[in-house]
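Undergrad:
In my numbering, the protein residues as written are -13 to 530.
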């Protein structure tokens, strides 16, 4: 408004202060959109349920394609064609402001006009580099190809990815026996190289994190009055499942005498001393959250979360992780059903989960290399393009992969990959099973349960299921391997946005289809995995 007065939209459509009109060019009470720009040509499409721009007279709503299309664009209808991502930039077509056009050849609506022009220009400019054209997501099973630069070898296309060619694509008719293709070992080799290509942090990044941890540890172990028994490097960094280009580290100061529930004043005094000493001796600004006993700081380009945790170990305890579990978790299994209900009514106990973090780290560290690699890949995908939103708990993604590994190496292991040598295809099998689990996370009932076997540090499944009342009313349920009362998929209570499990389910179904039925070129060039790898390459080039 001209007077910048915050107010509800009045029924008369005029500002209560200056009298200027709301939305002189366009006013929509349904979408709550008001425009003063007559050149935008905005209107509300009843069929789409949203406001669009560009002039109603220039568009027609296509029921089969599920969106508004420019009248001058001739296209071939495909069911809900507009409810997909652009084949080039991977943004959602339906509510995009950029005009959508049809692909030459098949005529399906699958790409923005500007993206198509950019891709075709790049294909022509890089003809000598054997670039491959864009493929149609609606008719890939028919092998539709936009032929402007011919490339015939699927493995040449996969190699072209590493040269940085991403905007132009080509579809190869997929073989039904994809894993029995003429070069199955090559396919497995590329899958097994995903951790190093996608997520494993480079040496210099790990070195910077270790140096930052060392400096903070020196401060914590020499505090004047706070008795820090030990400092534990937790989170994905401590569990060796952190991904590259994400230098953030969780540290836990195991403090003797810390009891936020029974001794809140002493806890606050300890916390204030930690914040003060970190700022004074490191010369950095520390953001403190006393209610969570959390200190956040940045040191040498590394983001660190320093949390205070309760230490119940004595000087003579040799296995302090096991002692923490024995004192804080094992008594829970002796509770009656009524006591468990009372425990659930009291709400989650983040201090207990934090105090057994050492046991969680020890459990993950003992897992097979393939299990940790699958967790790497899973977290890396979420971090670099599998999801439009990155709002996911990395610890939950790790547990999904670990459960998949235990299932693939247990009695219920899949036999579908035997011809490609089971040992070399284990990572692919674990990744597929992880995606299968995640693809069900938007199902209301029955809500999926992810629960791994942590051996002596954990609990049996029948023991864990007794604590179902503590997990919250809504799924998914991804249960902490040490503390059976803790559902790590539960929405955070720290003011942050809820976890996007429905988004993970949708993206997992798409990637699962590509992994199962499409060629290697499609996997690396047209799936969200390919987009993730491409974003990683851009980040690395920008860093150098």
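Where a beta carbon is used, it is the ideal one built from N, C-alpha and C, also for glycine. Just so we're clear, the structure is a prediction, and the values are computed from it rather than from any experiment.
#1: Alpha carbon to alpha carbon, how far is residue 429 from residue 493?
#2: Report yes if the CB atom of residue 383 is closer than 9 Å to the CB atom of residue 355, and no otherwise.
#3: For the stretch 310 to 322 and the stretch 256 to 269, state whether three or more C-beta atom pairs, one from each stretch, are separated by less than 8 Å.
#4: Thinking just about the alpha-carbon of each residue, which of 45, 241 and 359 is nearest to the one in residue 226?
#5: Just mark residue 353 as buried or exposed, buried being the case when its beta carbon has 16 or more other beta carbons within 10 Å.
#6: Going by CA-CA distance only, name the one from 287, 381, 272 and 260 that's closest to residue 204.
#7: Quick check on DSSP: helix, strand or coil for residue 319?
#8: Per DSSP, what are the beta-bridge partners of residue 207 in this structure?
#9: What whole-angstrom Cβ distance do residue 51 and residue 67 have, given they're in contact under 8 Å?
#10: Is it buried or exposed, residue 472, if we count other Cβ atoms within 10 angstroms and call 16 or more buried?
#11: Between which two residues does the alpha helix (DSSP H) holding residue 257 run?
#12: Pick from 257, 198, 28 and 274: whose alpha carbon is nearest that of residue 210?
#13: According to DSSP, is residue 10 helix, strand or coil?
#14: Give the secondary structure of residue 349 by DSSP, where H, G and I count as helix, E and B as strand, and everything else as coil.
#15: Under the three-state reduction of DSSP, which class applies to residue 30: helix, strand or coil?
#16: Give me the Cα-Cα distance between residue 341 and residue 300, rounded to the nearest whole angstrom.
#17: Does the distance from the C-beta atom of residue 30 to that of residue 4 stay below 9 Å?
#18: By the 10 Å Cβ neighbour count, where 16 or more other Cβ atoms means buried, how is residue 351 classified, buried or exposed?
#19: Among 199, 393, -7 and 251, which residue has its Cα nearest to the Cα of residue 236?
#20: Taking the beta carbon of residue -9 as the centre, do at least 16 other beta carbons fall within 10 Å, making it buried, or is it exposed?
#21: Where do the N-terminal and C-terminal ends of the beta strand (DSSP E) with residue 275 fall, by residue?
#22: For the alpha helix (DSSP H) containing residue 304, name the first residue and the last one.
#23: For the alpha helix (DSSP H) holding residue 219, just list the boundary residues, first then last.
#24: Is residue 293 closer than 9 Å to residue 279 when the C-beta atoms are compared?
#25: Would you report the Cα separation of residue 530 and residue -7, rounded to the nearest angstrom?
#26: Tell me which residues share the same chain as residue 495 and place their Cβ nearer than 7 Å to its Cβ, disregarding the 5 neighbours each side in the sequence.
#27: DSSP on residue 437, reduced to helix/strand/coil?
#28: Would you say residue 47 and residue 54 are within 9 Å of each other, going by their C-beta atoms?
#29: Are the Cβ atoms of residue 436 and residue 468 separated by less than 9 Å?
#30: Shortest alpha-carbon distance to residue 194 belongs to which of 241, 221, 284 and 251?
#31: Does residue 309 come out as helix, strand or coil in the three-state DSSP assignment?
#32: Starting from residue 282, trace the beta strand (DSSP E) both ways and give me its first and last residue.
#33: Quick one: residues in its chain with C-beta nearer than 6 Å to the C-beta of residue 10, no 5 flanking neighbours on either side, listed in chain order?
#34: Excluding sequence positions up to five away, which residues of its chain have a Cβ less than 7 Å from the Cβ of residue 455?
#35: Should residue 407 go down as buried or exposed, given a rule of 16 or more other Cβ atoms within 10 Å for buried?
#36: Return the chain-ordered list of same chain residues with a C-beta closer than 6 Å to the C-beta of residue 348, the five sequence neighbours on each side being excluded.
TA: Once the coordinates are examined:
#1: Answer to the nearest angstrom: the Cα atoms are 14 Å apart.
#2: In this structure, residue 355 does not lie closer than 9 Å to residue 383 by Cβ.
#3: Because the criterion of three Cβ pairs below 8 Å is not met, the stretch 310 to 322 and the stretch 256 to 269 do not touch.
#4: Comparing Cα-Cα distances from residue 226 to each of 45, 241 and 359, the minimum goes to 359.
#5: By the 10 Å Cβ count, residue 353 comes out buried.
#6: Considering only alpha carbons, the answer is 260.
#7: Three-state DSSP puts residue 319 in a helix.
#8: Paired residue(s): none; residue 207 is not in a bridge.
#9: With a Cβ gap of about 4 Å, residue 51 and residue 67 count as contacting.
#10: By the Cβ neighbour-count rule, residue 472 is buried, with 16 or more other Cβ atoms within 10 Å of its own.
#11: From DSSP, the alpha helix (DSSP H) with residue 257 extends over 250 to 268.
#12: Checking every option, the nearest Cα to that of residue 210 belongs to 257.
#13: In the three-state DSSP reduction, residue 10 falls in the coil class, being neither helix nor strand.
#14: It is helical.
#15: Correct three-state label for residue 30: strand.
#16: If you draw a straight line from the Cα of residue 341 to the Cα of residue 300, it is about 14 Å long.
#17: For residue 30 and residue 4, no; Cβs fall outside 9 Å.
#18: That one is exposed.
#19: By alpha-carbon distance to residue 236, the top candidate from 199, 393, -7 and 251 is 199.
#20: So residue -9 ends up on the exposed side.
#21: Taken as a continuous stretch (DSSP letters only), the beta strand (DSSP E) holding residue 275 covers 273 to 275.
#22: Element bounds for residue 304: n/a, residue is neither H nor E.
#23: Where residue 219 is concerned, there is no enclosing alpha helix (DSSP H), although the beta strand (DSSP E) it sits in stretches over 214 to 220.
#24: One thing to note: residue 279 has its Cβ within 9 Å of the Cβ of residue 293.
#25: Unreliable placement is indicated for residue 530, whose pLDDT of 44 sits below 50; the coordinate value is still reported in the next sentence. Whole-angstrom Cα-Cα distance: 49 Å.
#26: The residues are 425.
#27: Here DSSP, grouped into helix, strand and coil, assigns residue 437 to coil.
#28: Between residue 47 and residue 54, the gap from beta carbon to beta carbon is short of 9 Å.
#29: For residue 436 and residue 468, no; Cβs fall outside 9 Å.
#30: Distances from the alpha-carbon of residue 194 to those of 241, 221, 284 and 251 put 284 closest.
#31: Three-state result, residue 309: helix.
#32: Run containing residue 282: 280 to 285, per the beta strand (DSSP E) assignment.
#33: Excluding sequence neighbours, residue 10 sits near 22.
#34: Taken in chain order, the residues that qualify are 326, 327 and 330.
#35: Its pLDDT being 45, under 50, residue 407 is placed unreliably by the model, and nothing is read from it.
#36: Beyond the five residues adjoining it in sequence on each side, residue 348 comes within less than 6 Å, by CB distance, of 307 in the same chain, given in chain order.
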